[in-house]
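Report on the following structure.
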Amino acid sequence: MPSLASLGWTDFFGDQLEPGEAKLVPARIATVHRDRLTGLSQAGPIDLTLPAQANTGDYAVGDWVLVDAHDRLVQRRLTRKTVLERRTQGGRVPQLAAANVDTLFIVTSCNADFNPARLERYLALANEAGTKPVILLTKADTASDAEAYQRQAAALQRGLAVVTLNPRTSDAATALAAWCGAGQTVALVGSSGVGKSTLVNTLAGSAQRLAQQTGDIREHDAKGRHTTTSRSLHAIAGGGWVIDTPGMRTLQVSDVAYGIDTLFAEITELAPLCKFRDCTHVHEPGCAVQAALKAGTLDPERLARWRKLSDENRSNTPVQSGPRGAKSPGGRGKRR
Numbered sequence: 001m002p003s004l005a006s007l008g009w010t011d012f013f014g015d016q017l018e019p020g021e022a023k024l025v026p027a028r029i030a031t032v033h034r035d036r037l038t039g040l041s042q043a044g045p046i047d048l049t050l051p052a053q054a055n056t057g058d059y060a061v062g063d064w065v066l067v068d069a070h071d072r073l074v075q076r077r078l079t080r081k082t083v084l085e086r087r088t089q090g091g092r093v094p095q096l097a098a099a100n101v102d103t104l105f106i107v108t109s110c111n112a113d114f115n116p117a118r119l120e121r122y123l124a125l126a127n128e129a130g131t132k133p134v135i136l137l138t139k140a141d142t143a144s145d146a147e148a149y150q151r152q153a154a155a156l157q158r159g160l161a162v163v164t165l166n167p168r169t170s171d172a173a174t175a176l177a178a179w180c181g182a183g184q185t186v187a188l189v190g191s192s193g194v195g196k197s198t199l200v201n202t203l204a205g206s207a208q209r210l211a212q213q214t215g216d217i218r219e220h221d222a223k224g225r226h227t228t229t230s231r232s233l234h235a236i237a238g239g240g241w242v243i244d245t246p247g248m249r250t251l252q253v254s255d256v257a258y259g260i261d262t263l264f265a266e267i268t269e270l271a272p273l274c275k276f277r278d279c280t281h282v283h284e285p286g287c288a289v290q291a292a293l294k295a296g297t298l299d300p301e302r303l304a305r306w307r308k309l310s311d312e313n314r315s316n317t318p319v320q321s322g323p324r325g326a327k328s329p330g331g332r333g334k335r336r
């Protein structure tokens, strides 16, 4: 019988329990389907029943819920420690991707799929969610200079861990063991065809009942077919948990100001040194960002990508009404 700790339960969730909930059963959401949820409890896998007015879209894989022991009816969802959500092109509201994730593995290949601007979007998402981002580089054996990809990836954010691996070998599980220990939860994001599902199968090993389907990529543009169509929680042979997600080729940013500030720390730290408080870092005199650009200490491409991402974030972030009709931008507030 698994312990709650082995399922990812910590004091963060235990402290939320109220006196009258002692008889309720904690369960972790394992799969989210259009009309049903499944979970994992100390007693094993369970099919969950939702309240009459509830919607499966309100739940994410990795969520913790309290369930009635008799009818398996979900009584309430506990506040999330972290939550990954994305805004798709044309989507009005963000889609829940995963909850209570400790580490986000951002998977890309050493080929045409490698795109610094897209990787920065994933990094901003991870930073905002409060998860630790790690970039995984696959297909290094097909690249003439794999180290160049490693250098480019590492330069995207301070202190960023970058791991080059072959998702099909057992060495991959060994390389990622530091993030996949007992009770730890990791999630995988990235384009289709970069090896996410293959890596899930490698990490899960014999602990997985049903292997994730994998697919090939097209030779001419390194694009893959979508082989993962839903999110699910898989046990890792080392005692942790992994959440695979459908491939995402487009990822709009929204309400990730903190994530962008962390991602572009070299620009964020220069801004307070500008002469004008509302400096746009374009043409104002006494601009510390422009000075760094002229001195060659700031990459002009990074500045261009920061500007584009920041503008998009401001455009997509809903404006909330404050007291007396005052407007205020959306905050971080991801624990909900």
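Under UniProt numbering, the final residue of the sequence shown carries the number 336; numbering is consecutive throughout. Don't be surprised by glycine CBs; every beta carbon is placed ideally from N, CA and C.
{"Check": "Residue 116 (DSSP reduced to helix, strand or coil)", "Outcome": "helix"}
{"Check": "C-beta atoms of residue 14 and residue 128 nearer than 7 Å", "Outcome": "no"}
{"Check": "Contact the segment 101-108 vs the segment 35-54: 3+ CB pairs below 8 Å", "Outcome": "no"}
{"Check": "Beta-carbon proximity of residue 123 to residue 263, cut-off 7 Å", "Outcome": "yes"}
{"Check": "Beta-carbon proximity of residue 236 to residue 203, cut-off 7 Å", "Outcome": "yes"}
{"Check": "Beta-carbon contacts of residue 130 that lie in its chain and below 6 Å, excluding the five residues immediately before and after", "Outcome": "82"}
{"Check": "Residue 267 - DSSP class collapsed to helix/strand/coil", "Outcome": "helix"}
{"Check": "Beta-ladder partner(s) of residue 161, from DSSP", "Outcome": "134"}
{"Check": "Residue 67 - partner residues in DSSP beta bridges", "Outcome": "25 and 74"}
{"Check": "Residue range of the unbroken alpha helix (DSSP H) whose run includes residue 293", "Outcome": "288-295"}
{"Check": "Local conformation of residue 102 per DSSP, three classes", "Outcome": "coil"}
{"Check": "CA-to-CA distance, residue 20 to residue 117, given in whole angstroms", "Outcome": "49 Å"}
{"Check": "Residue 30 versus residue 232: straight-line alpha-carbon distance, rounded", "Outcome": "6 Å"}
{"Check": "Contacts around residue 78, its chain only, beta-carbon distance under 6 Å, and the 5 residues preceding and following it disregarded", "Outcome": "13, 16 and 64"}
{"Check": "Residue 235, enclosing alpha helix (DSSP H) - first and last residue", "Outcome": "It is not in any alpha helix (DSSP H) - residue 235 instead sits in the beta strand (DSSP E) that spans 232-235."}
{"Check": "Exposed unless 16 or more other CB atoms sit within 10 angstroms - verdict on residue 126", "Outcome": "buried"}
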